[in-house]
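Chemist:
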Ligand code: ATP
Ligand code: MG
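Residue numbers (full-length UniProt numbering): 1 to 650.
1. Identify the continuous beta strand (DSSP E) that holds residue 310 and give its terminal residues.
2. Alpha carbons only, please: which of 201, 210, 204 and 200 is nearest the one belonging to residue 192?
3. Of all the options 43, 501 and 174, which has the alpha carbon lying nearest to the alpha carbon of residue 71?
4. Please classify residue 638 as buried or exposed, where buried requires at least 16 neighbouring CB atoms within 10 angstroms.
5. Is there a Cβ from chain C that is less than 8 Å from the Cβ of residue 67?
6. Got a sec? Which residues, its chain only, sit under 8 Å from residue 199 by beta carbon, not counting five neighbours each side?
7. Rounded to whole angstroms, what is the Cα-Cα separation between residue 89 and residue 287?
8. Going along the chain, which unbroken runs of the beta strand (DSSP E) with 3 or more residues stay wholly within the region 117–160?
9. Which of helix, strand or coil does DSSP assign to residue 638?
10. Do the region 359–369 and the region 305–321 make contact, defined as three or more Cβ pairs closer than 8 Å?
11. Return the residue from the list 594, 554 and 605 that minimises the CA-CA distance to residue 572.
12. Should residue 346 be counted as a contact of ligand 1 given a C-beta to heavy atom distance under 7 Å?
13. When the distance is taken between beta carbons, is residue 591 closer than 8 Å to residue 651?
14. Residue 42: buried (16+ other C-beta within 10 angstroms of its C-beta) or exposed?
15. Tell me the residue span of the alpha helix (DSSP H) that contains residue 285.
16. Taking a contact to mean a Cβ-Cβ separation below 8 Å, would you say residue 284 touches residue 522 in this structure?
17. Would you mind stating whether residue 106 and residue 275 have Cβ atoms separated by less than 8 Å?
18. So what does DSSP say about residue 407, is it helix, strand or coil?
19. Starting from residue 389, follow the beta strand (DSSP E) in both directions and report where the run begins and ends.
20. In terms of alpha-carbon separation, which member of 370, 497 and 563 lies closest to residue 528?
21. I'd like the ranges of any alpha helix (DSSP H) spanning at least 4 consecutive residues and lying wholly in the region 232–269.
22. Can you tell me whether residue 550 is buried or exposed? The criterion is at least 16 other CB atoms within 10 Å of its CB, across all chains shown.
23. Less than 8 Å between the C-beta atoms of residue 368 and residue 392, yes or no?
24. Quick check on the DSSP output: the alpha helix (DSSP H) that includes residue 207 runs from which residue to which?
25. Decide if the region 236–249 is in contact with the region 126–143; the criterion is three or more beta carbon pairs, one per stretch, under 8 Å apart.
26. Are the beta-carbon atoms belonging to residue 444 and residue 519 less than 8 Å from one another?
27. Less than 7 Å separating the Cβ of residue 50 from some heavy atom of ligand 2?
28. Excluding the 5 residues flanking residue 74 on each side, which residues of the same chain have their C-beta closer than 6 Å to its C-beta?
29. Taking only heavy atoms of ligand 2 into account, decide whether any of them is closer than 7 Å to the Cβ of residue 425.
30. With respect to 7 Å, is the separation between the Cβ of residue 536 and the closest non-hydrogen atom of ligand 2 below this value?
31. Given this structure, state the Cα-to-Cα distance separating residue 649 from residue 602, to the nearest angstrom.
32. Going by the DSSP bridge assignment, what does residue 569 pair with across the sheet?
33. Could you tell me which uninterrupted beta strand (DSSP E) segments, each at least 3 residues in length, are contained entirely in the region 483–522, listed from first to last along the chain?
34. Pull up the distance between the alpha-carbon of residue 162 and that of residue 437, whole angstroms please.
35. Sorted by chain position, which residues of the same chain lie with C-beta nearer than 8 Å to residue 180's C-beta, five sequence neighbours on each side aside?
Here it is in structure tokens:
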């Protein structure tokens, strides 16, 4: 193979060959077998109208659709002409099916308080919240921003919006005043739902104070609905601010869900901002409902008595699709936890699993690596035997972290699924099905039903087995984003304009002979060393495989001879010291001299988005000795960059 710096190939350098068969005990009771997956996947591509019509038909529609799919590239409509209501399907339908007394949410506050909501109780709260919003003048199609801690009221407010046809925009409660006001103004919200404060690592995060400051910069905002979470007694502005509990107490608990067009906007959600300025991704009702309903049941092998815990905040798409909508559409019991994984100590997750008998855990590589850094003793102190399935989402999971998760948390008894998807895709796109497919650590796996991926070059040429290139999706799927809010040009250009006639995800990937897709990192982060294009995932995975390293990020630094040289930022595994010479030798042995880091920074933290993703764009600037530039509003802890900039590499 010849290498030219400008092509879109990404070199395949990591030779990970482990294949982990699903545990026999799991396979015996699994909902989907391999034959079933093959059959339904085939049908979903060969006859999408029948496939999607059948799935959608399992839900309640107030008016049936006339056409399953109307694709006018790059704009799509699903279940055209149909009318439905997502909150109705998530709640009323469950009560009608006899699940009224089943637990919908088990919520644990950071301070240990536990609240549970049955489906009936949740429905009644949502009806009251819907009426309270209507009383504040919110109309169908209006935007409502939610700026809340992870408390049940966050989900109640989302469902209330969905019930009346208002469009929610959840802004993570850890965001700053300016990030909040930018997002309020970008989608011109009328109402802000917030709380006095949230609890975080034992302290209070004063959300209402931030909301007040943001409101000064948000002229279109009319009202604030304020949940009293912490009893901190913030000032309330006469005529503008209303206490949530008072408004709900005054509201009726009778409310009939509104029939909404299938393409009625459901929510706007800003992407994590790993690669640039966040985009306001718009999702609509019918398609998003059908995809989250289907993937929740299929991918997580969901059973009636499961306690499903997705640790993501509702401020991210994972929290939307798999803490709220997907599970409730299936009548599942959902665990919600308000606080930090290390409060009061690093055993908190395992304490929650043990106490509430969580059966399915869905978390992110950033959390898995952080927990792994603390060693095996902490999880060893808890009874994790209720767990039967583990999932990962958000970043590539390094094979060593995968193995740790399977062994130490899953007790070699639970399958691990690595699910690739995006804010834009709305639901899981690539994964293995836990009872149907063996797992290959580091590889997300196979496409979900209806998803038609390919690996291409920028001019639309499909690449062969094991060739790294650009990950694309060749046809629309129901939970696909419909546009970038207020910027359809950006939608057309970023997603359907990069490569002719396909959806471009922005990630690099390769597909093996079994059809498994391995995500190799973001295309923006690809390194170009001596004409070889290297994805970040493989070099980072080799670094993390060394016993002294818990987490790693690599970036390219301009180099006169090689074009770029590899710069690595590594976090030592708890109690270990990193020997740079040994680490270089290890990378050389594992993946070749090409990937050997020229410079290594031994750090105590990496710059991450508030959703926990490594932000390599700033590391590139540090590696090159440049001043930090670009949107830093989504950065979790800006001080990390200052510390790194003062460090010298070894
Ligand atoms: P922005 O688009 O603003 O740069 P972002 O891409 O981090 O931010 P999200 O939509 O939260 O915003 O994240 C989607 C991205 O996360 C994917 O494009 C991919 O890079 C990464 N990702 C998610 N899940 C996986 C996974 N299982 N394996 C590899 N990468 C993943
Ligand atoms: Mg993205």
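The beta-carbon is built from N, C-alpha and C at its ideal position, and this holds for glycine as well.
Modeler: Reading it off the structure:
1. Looking at the DSSP string, the run of the beta strand (DSSP E) that includes residue 310 is 307–310.
2. Considering only alpha carbons, the answer is 210.
3. Checked all of 43, 501 and 174; the closest Cα to residue 71 is 501.
4. Under the 10 Å beta carbon count, residue 638 is surrounded by fewer than 16 other beta carbons and is classified as exposed.
5. Absent here is chain C; the protein component of the structure consists of one chain.
6. Within the same chain, Cβ atoms closer than 8 Å to the Cβ of residue 199 are found at 109, 110, 111, 149, 205, 229, 230, 338 and 339, the five residues on either side in sequence being excluded.
7. Taking the straight line from one Cα to the other gives about 13 Å.
8. Those beta strand (DSSP E) runs which fall completely within the region 117–160 and span 3+ residues are 143–147.
9. Coil.
10. Yes, since at least three Cβ pairs between the region 359–369 and the region 305–321 fall closer than 8 Å, the two stretches touch.
11. Closest option to residue 572, Cα to Cα, is 605.
12. Between ligand 1 and residue 346, a heavy atom-to-CB distance of less than 7 Å is absent.
13. As shown, the chain starts at 1 and ends at 650. That puts residue 651 outside it, with no answer to give.
14. With fewer than 16 Cβ atoms within 10 Å of its Cβ, residue 42 is classed as exposed.
15. First-last of the alpha helix (DSSP H) with residue 285: 285–299.
16. Not in contact: residue 284 and residue 522 (Cβ atoms no closer than 8 Å).
17. Between residue 106 and residue 275, the gap from beta carbon to beta carbon reaches 8 Å or more.
18. Per DSSP, reduced to three states, the secondary structure at residue 407 is helical.
19. Counting along the chain, the beta strand (DSSP E) containing residue 389 begins and ends at 389–393.
20. Out of 370, 497 and 563, 563 has the C-alpha closest to the C-alpha of residue 528.
21. Annotation: the region 232–269 contains the following complete segments of the alpha helix (DSSP H) (minimum length 4 residues), in chain order: 244–250.
22. Per the 10 Å Cβ criterion, buried.
23. Taking the C-beta atoms as reference points, residue 392 is found nearer than 8 Å to residue 368.
24. Segment 207–216, the alpha helix (DSSP H) holding residue 207.
25. In short, these stretches touch, since the Cβ pair count reaches three.
26. Yes. Within cutoff.
27. The nearest non-hydrogen atom of ligand 2 is 7 Å or more from the C-beta of residue 50.
28. Scanning its chain for C-beta atoms nearer than 6 Å, with the 5 sequence neighbours on each side dropped, one finds around residue 74 the residues 492 and 496, in chain order.
29. For residue 425, the shortest separation between its Cβ and any heavy atom of ligand 2 does not lie below 7 Å.
30. Relative to ligand 2, even the nearest heavy atom lies 7 Å or more away from the CB of residue 536.
31. Looking at the two C-alpha atoms, the distance is approximately 7 Å.
32. In the DSSP output, where bridge partners are listed per residue, residue 569 has 553 and 601.
33. List check, beta strand (DSSP E) in window: 503–511 and 517–522.
34. One Cα belongs to residue 162, the other to residue 437, and the distance between them is close to 35 Å.
35. Around residue 180: 145, 147, 171, 210, 211 and 214.
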